[in-house]
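Q: Numbering (the working numbering), first residue to last: 78 to 816.
All C-beta atoms, glycine included, are put in the ideal place defined by N, C-alpha and C.
Here it is, the structure, as structure tokens.
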């Protein structure tokens, strides 16, 4: 039934999309698309004039996606080229842009997609999960962004900007209630404290969901969460030349980590079997899969106008601690329980920029950046320690210090042709200490449940990696007509050296990878057509990642880090937005990406020692040759579509209908290819129907997320055939207001 509905919906959406240009040519409305302003190059610019591939989502559009209690992962597949997943609940999002990302779930793992919130980089994966509330705009920068944003941006950036304080008194609030008593509240209010001198804005978020999954083994319920966050901003303008923006924010999360269902996949198939039940699990471990995190941070941005130059300083601090615990075997066995703690995490960043502020043909900016993080992690990978004196927790300390100098300039060569280029020099220094390792004792084996001897850890206790790299980019932007432009861009970036310490939990030495570098080429078009009613942007791209950092999972399920020779990718993306009539707006996007690992000698561990899957790659000593395989979690294609229709009423209000849909192509979850560990054609949609009052004073709507109740597999614990499955359908009602 779901399959029939799925194909019918896709056919209908395709028909509407294909009919769109004809409808646009026939209509006579004077309404046009609004200009989108982005800060992808650290200065405000029209999206259509930026010489790179950028997509933007408004704050209102983001809130529609989050209405059912979703978190940052709701952005996955909603933007061409952007994919996201997690196997660790609400605190560990892993992003992929144009197929490039990192599937490692180590708390200290580096990612090639950077998350920037209010101009502050969130380096650690837990910081990347910061709640989204009172957001003004989301920007997705596709391709390497090393010049202006630094290391670990080889795939791109996901950038969030909050609504800032102003002298005007204003506020907004959204409240939604849905299935499983899911409650979401997102609000912001601000205005002047001292006329023309000081303004403030307070923003809050509250999300909760009841425990809706029954543990058949213990009789306890799980699956719920409570996520609370707040932000307070003060904007001081002591003079016309100077402004200072102080941002203080915090979060408290108490919930459930990802739920695994053991043996929910059958050897030879990637389809869920009868062992998967949406509202039931069977655990005897995991302390109910608890997950608790809290943290806070602050930033101070100072801008000073020096005349033809603006000086900007951004100082920021972030800290968090907490833990996530889970029954990773997904079975009523004492086989695999894991827990990861962030005992302490402190991140400091400082950036200083000088930027030109003139109307001449030359614009430029130069600056420096400093980064320092100090993190302490504790791991208990499995419930091994049934008897004896073994210590089940391993404690590691990670320190990372980095600094960079950068500059970028753009020059208007002719009225229609602009050249932009930039360069950045970075030094990166990482250290890891083993503060506490395993002691001798006994543990319960995964394979047969019998007690086995555990020896004390005697391996490496200190690792240090250093590197320095140059990132750069160059682009040409040419206005073909007043309504259309083409651009070409080449960029080089790098992801710093990485240390994977979780292997110490199994008495293995830390694994490491040297820096990976990327060279990317893209060419594209940006156009605003049909009298400003159609915005059509597209790009083709190819890139090569040298010394690509890869992660494989060994027999214990422990991530092991290594470098492959290189990875290659090519593809295209297309974004379109069309104002069909005064009342009908359509958007559509498509991305196709072909990724390939290029290394004839590198191998990956497979689903051993429990031989449960069907490996398609050639095997050497029980390990798979992965040359020619796609990158993990790199969808072959992503399609997305939205439609909104407004029905004006006599009272000045509006009835509206909004729907959004996305489809992702074949996605391999691991480095090797198998008959089980991939998804294909994942399909998800949403719907909103409601009434908006005159002058947008308030809105009442009913909504549905994952409206067809798809059970999409997003990842897997290989040895136990235990998949991670998308959230179930959520329906509800929302109320929002502006004042």
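Residue 368 and residue 339 - do their beta-carbons sit closer together than 9 Å?
A: In the chain shown, counting from the first residue as 1, residue 339 sits at position 262. In the chain shown, counting from the first residue as 1, residue 368 sits at position 291. Cβ atoms of residue 339 and residue 368: not closer than 9 Å.
Q: Measuring CA to CA, which of 244, 558, 376 is closest to residue 308?
A: Translated into positions along the chain shown, residue 308 becomes position 231. With distances taken between Cα atoms, residue 308 lies closest to 376.
Q: Answer with buried or exposed for residue 150, where buried requires no fewer than 16 other C-beta atoms within 10 angstroms of its C-beta.
A: Residue 150 sits at position 73 when you count from the first residue of the chain shown. That one is buried.
Q: For the beta strand (DSSP E) containing residue 498, name the first residue and the last one.
A: Taking the chain shown and counting its residues from 1, the one referred to as residue 498 is at position 421. Segment 494-513, the beta strand (DSSP E) holding residue 498.
Q: Could you check how far apart the C-beta atoms of residue 147 and residue 806 are, in whole angstroms? I think they sit under 8 Å.
A: Walking along the chain shown from the start, residue 147 turns up at place 70. Walking along the chain shown from the start, residue 806 turns up at place 729. Not really, about 12 Å apart at Cβ, beyond 8 Å.
Q: Under 8 Å Cβ to Cβ from residue 277, same chain only, skipping five residues before and after it: list those, please.
A: Looking up residue 277 in the chain shown gives position 200. Hits under 8 Å: 242, 267, 268, 270, 309, 310, 311, 312.
Q: Which runs of the beta strand (DSSP E) spanning at least 3 residues fall entirely within the stretch 527-569, listed in chain order?
A: If we require 3 residues or more, the beta strand (DSSP E) runs fully inside the stretch 527-569 come out as 528-531, 539-556.
Q: Just verifying my parser: in three-state terms, what is the DSSP assignment at residue 315?
A: Within the chain shown, the letter at position 238 stands for residue 315. Three-state result, residue 315: strand.
Q: Taking just the CA atoms, how far does residue 126 sit from residue 114?
A: The residue labelled residue 114 in the question sits at position 37 within the chain shown. The residue labelled residue 126 in the question sits at position 49 within the chain shown. Their backbone Cα atoms lie some 10 Å apart in a straight line.
Q: Report all residues from its chain with a CB closer than 6 Å to the CB of residue 326; omit the five preceding and five following residues, and keep chain order.
A: Numbered from its first residue, the chain shown carries residue 326 at position 249. Cβ neighbours of residue 326 beyond the five flanking positions: 308, 374.
Q: State buried or exposed for residue 695, treating a residue as buried only when at least 16 other CB atoms are found within 10 Å of its CB.
A: Within the chain shown, the letter at position 618 stands for residue 695. Counting Cβ neighbours within 10 Å, residue 695 comes out exposed, since fewer than 16 surround it.
Q: When you compare each of 668, 262, 646, 751 to residue 159 by their alpha carbons, which one comes out closest?
A: Reading the chain shown from its first residue, position 82 is the one you call residue 159. Here the closest residue by C-alpha is 668.
Q: Buried or exposed: residue 769, going by 16 or more other Cβ atoms within 10 Å of its Cβ?
A: As a first step, residue 769 is located in the chain shown; it is residue number 692 there, counting from the start. Flag for residue 769 reads buried.
Q: Determine which residues share a DSSP beta bridge with residue 262 and list them.
A: Residue mapping note: residue 262 aligns to position 185 of the chain shown, counting from 1. 252, 283, per the DSSP bridge assignment.
Q: Let me confirm a value: residue 246 is counted as buried when at least 16 other C-beta atoms fall within 10 Å, else exposed. Which label applies?
A: Translated into the one-based positions of the chain shown, residue 246 becomes position 169. Residue 246 is exposed by the Cβ-count criterion.
Q: Under 8 Å by Cβ, that's how I've got residue 405 and residue 799 pegged, so tell me the actual separation to the nearest angstrom.
A: Locating residue 405 in the chain shown gives position 328, counting from the first residue. Locating residue 799 in the chain shown gives position 722, counting from the first residue. Going by Cβ atoms, the distance from residue 405 to residue 799 rounds to 7 Å, so yes, they are a contact pair.
Q: Less than 9 Å between the C-beta atoms of residue 579 and residue 189, yes or no?
A: Position 502 of the chain shown, counting from 1, holds the residue named residue 579. Position 112 of the chain shown, counting from 1, holds the residue named residue 189. Contact: no.
Q: Write down every uninterrupted run of the beta strand (DSSP E) in the stretch 323-389 whose length is 3 residues or greater and which is fully enclosed by it, in chain order.
A: The stretch 323-389 contains these whole beta strand (DSSP E) runs: 367-382.
Q: Looking at residue 712: is its Cβ nearer than 9 Å to the Cβ of residue 743?
A: Against the chain shown, residue 712 aligns to sequence position 635. Against the chain shown, residue 743 aligns to sequence position 666. A contact, by the Cβ cut-off of 9 Å.
Q: Roughly how many whole angstroms lie between the Cα atoms of residue 210 and residue 204?
A: By one-based count along the chain shown, residue 210 stands at place 133. By one-based count along the chain shown, residue 204 stands at place 127. Approximately 15 Å between the Cα atoms of the pair.
Q: Based on DSSP bridge pairs, tell me the residues matched to residue 489.
A: For the purposes of this step, residue 489 is identified with residue 412 of the chain shown, where counting begins at 1. In DSSP, residue 489 forms a bridge with 495.
Q: Suppose you measure from the CA of residue 803 to the CA of residue 183; what does that come to, to the nearest Å?
A: For the purposes of this step, residue 803 is taken as the residue at position 726 of the chain shown. For the purposes of this step, residue 183 is taken as the residue at position 106 of the chain shown. Cα to Cα, the separation comes out at about 21 Å.
Q: Confirm, please, whether the CB-CB distance from residue 581 to residue 473 is below 9 Å.
A: As a first step, residue 473 must be located in the chain shown, where it is residue number 396. As a first step, residue 581 must be located in the chain shown, where it is residue number 504. Closer than 9 Å, so yes.
Q: For residue 130, does the three-state DSSP call read helix, strand or coil?
A: To locate residue 130, count along the chain shown from 1; it is residue 53. Looking at residue 130 - three-state DSSP - the assignment turns out to be strand.
Q: Among 289, 544, 779, which has the Cα closest to the Cα of residue 574?
A: Numbered from its first residue, the chain shown carries residue 574 at position 497. It is 544 whose Cα lies nearest to the Cα of residue 574.
Q: Using the Cα positions of residue 477 and residue 641, report the straight-line distance between them to the nearest angstrom.
A: Taking the first residue of the chain shown as position 1, residue 477 is located at position 400. Taking the first residue of the chain shown as position 1, residue 641 is located at position 564. Looking at the two C-alpha atoms, the distance is approximately 23 Å.
Q: Evaluate residue 603 with the Cβ neighbour count: other Cβ atoms within 10 Å of its Cβ, from every protein chain shown; 16 or more gives buried, anything less gives exposed.
A: Translated into positions along the chain shown, residue 603 becomes position 526. Buried, by the Cβ-count rule.
Q: For the structure I just gave you, are there three or more beta carbon pairs, one from the stretch 342-351 and one from the stretch 284-303, closer than 8 Å?
A: Touching, no.
Q: Near residue 612, which residues of its chain fall below 6 Å by C-beta distance, leaving aside the five closest residues on each side in sequence?
A: As a working mapping, residue 612 is identified with position 535 in the chain shown. The residues are 110, 605, 654.
Q: In or out: residue 724 buried (at least 16 other Cβ within 10 Å) or exposed?
A: On the chain shown, residue 724 is found 647 positions in, with the first residue counted as 1. So residue 724 ends up on the exposed side.
Q: Per DSSP, what kind of secondary structure is residue 725 in: helix, strand or coil?
A: Taking the chain shown and counting its residues from 1, one reaches residue 725 at position 648. Note: residue 725 maps to strand in three-state DSSP.
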